[in-house]
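Under this note's numbering, the first residue of the sequence shown carries the number 1016, and numbering increases by one thereafter.
By construction, the Cβ of each residue, glycine as well, lies at the ideal position given by its N, Cα and C atoms.
Structure first, commentary second.
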Amino acid sequence: MTPCNRSRRSDSVAFTSTVLEVITSAPTEQPLERGSSFTSSLLPAIFTIFSQWRLTDAQQMTLLGLINATILYDLKSQPENAKLTTDQLERVSYILGIYQSLQILLPDPALAELWLSTPNDSPLFSGTAPLDRLLVGQVVDLAVVKNFLDAERSE
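Written out as C-alpha cells, the structure reads:
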C-alpha cells in the first residue's frame, strides 16, 4: 500500500467513524427539530458521501427526494436550520447503510464509486448500474440496493 493509499484509507476510516457516531447518537423517539445537533452533523456527512460518489446536484436531489435546488442549497449551507421530513430521514438512513456496506465490502473509495457506476448483471439491477437503480428516486430502490449489499456482506 502506497503512502497516498494509506492516507486515503485512514481518511475514509475516520469519516466512516464519524458517520457511525452520528448514526448511533441519533435521538430514537423524538422528532428532529430545527437546529438539532443531529441534523447539523448528519447533513454534512451525507454531502461528503455524495461528494465521494461524485453525484451531481440533480442526483443528490433525487436521492434525498427534493423537488427544487433551493432546498438542496439550504440543506448544504445551513444544516443547523434543517428540518428533515420522515421521508428524507428514511432516505438518509438507507444512504448511510449503503455507504457503510460499501466501506466494509470495498474499503477503497474508488472501488466503491466504481461499483456504484458499473452495470451489474444481478436480476435486481437488470444490467444497469446500482446508481441507476438508486436514481429511480423511490425509497424502495434505496432499500433494494442496501438489502443487496447487506446480503453480499453476509456471504
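- Task: Specify whether the segment 1086 to 1094 and the segment 1163 to 1170 touch according to this definition: at least 3 beta carbon pairs, one from each stretch, less than 8 Å apart.
- Result: Contact between the segment 1086 to 1094 and the segment 1163 to 1170 is absent, because fewer than three Cβ pairs lie under 8 Å.
- Item | Residue from L1104, W1068, T1143, P1124 with nearest C-alpha to L1079 | Per the C-alpha coordinates, the member of L1104, W1068, T1143, P1124 positioned closest to L1079 is L1104.
- Message: Quick check: what's the CA-CA separation for A1084 versus F1163?
- Response: The alpha-carbon atoms of A1084 and F1163 are separated by roughly 30 Å.
- Item | Beta-carbon spacing of I1061, I1113 below 8 Å | No. Outside cutoff.
- Message: For T1077 and S1055, I'd like the C-alpha separation in whole angstroms.
- Response: Answer to the nearest angstrom: the Cα atoms are 21 Å apart.
- Can you check whether the CB of D1102 is closer than 8 Å to the CB of V1154? For V1154 and D1102, yes; Cβs fall inside 8 Å.
- For V1151, does the count of other Cβ atoms within 10 angstroms reach 16, so buried, or fall short, so exposed? Exposed is the call here.
- Item | Per-residue burial, P1145 [other beta carbons within 10 Å of its own, 16 or more giving buried] | P1145 counts as buried, since no fewer than 16 other beta carbons sit within 10 angstroms of its beta carbon.
- Selected residue, minimal CA-CA separation from P1059, among T1100, D1147, L1120, L1087: The shortest Cα separation from P1059 among T1100, D1147, L1120, L1087 belongs to L1087.
- Would you mind reading off the limits of the alpha helix (DSSP H) that contains K1161? That run of the alpha helix (DSSP H) goes 1154 to 1169.
- Item | Neighbourhood of D1147 by C-beta, 8 Å cutoff - its chain only, sequence neighbours within 5 removed | Taking C-beta separations shorter than 8 Å and ignoring five residues to either side along the sequence, the partners of D1147 in its chain run F1140, following chain order.
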